[in-house]
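To keep things clear, I will list the structure first and then write my remarks on it.
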Amino acid sequence: MSSKRSKNPALPILADAFRLESVKDTEESRREVAARLATTELRRVSHPGRATWGPTDEAEPVPVPPTVVDGDGDLWLRDRGMGTWTMPEFDPKEFPARCGEVLTWSQLACEYGPLTALADDRRVGGRR
């Protein structure tokens, strides 16, 4: 996925976490998970008013946010009728094919988390 820092300039992304010594020191097979967890914590600390869910937060939050930003800073929208998520800016030349699929919350959180609500409101989904 792409890193669109310009859309959320102050929101930490996975690329930031991969530069952390604690992530670099992690066994290679676990490094991506470590980066996703570190990004989750970085977002929660730097943006305490925005709800952030980590890659292990598989249960859909209540209430469900209408939009979230993934670990790379890309936007995902929820289809209220279906309860599924899509990437509105999907371009097969820029993103992996999986990003063009319709995903459940669990799939989105696990594969592309952390997920952060766009609204600066801790009440969204009840997460920090």
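This note's numbering puts the first residue of the sequence shown at -12, with every later residue one more than the last.
Just so it is clear, CB atoms sit at the ideal spot from N, CA and C, and this is done for glycine as well.
Nearest candidate by alpha-carbon position, reference residue i, set the options
i	options	result
P53	S9, M69, P42 and T27	M69
R23	R85, D44 and L62	D44
L62	V20, C86 and R30	C86
Cutoff 6 Å; reference residue i; Cβ partners in own chain excluding five residues on either side
i	result
D108	A caution first: D108 carries a pLDDT of 49, below 50, which makes its placement in the model too unreliable to give a value.
Helix, strand or coil at residue i according to DSSP, with G and I counted as helix
i	result
R115	In this prediction, R115 has a pLDDT of 46, which is less than 50 and means its spatial position is unreliable; what the coordinates show is noted afterwards. Of the three classes helix, strand and coil, the one that applies to R115 here is coil, per DSSP.
L64	strand
A84	helix
L102	strand
Terminal residues of the alpha helix (DSSP H) in which residue i lies
i	result
L7	Element bounds for L7: n/a, residue is neither H nor E.
V32	R18 to S33
L95	W92 to Y99
Residues near residue i by beta carbon distance below 7 Å, same chain, minus five either side
i	result
A96	W40, P42, D44, E45 and L102
T71	V89, L90 and T91
N- and C-terminal bounds of the beta strand (DSSP E) containing residue i
i	result
A38	Run containing A38: none; DSSP gives neither H nor E here.
T13	Run containing T13: none; DSSP gives neither H nor E here.
V55	T54 to V56
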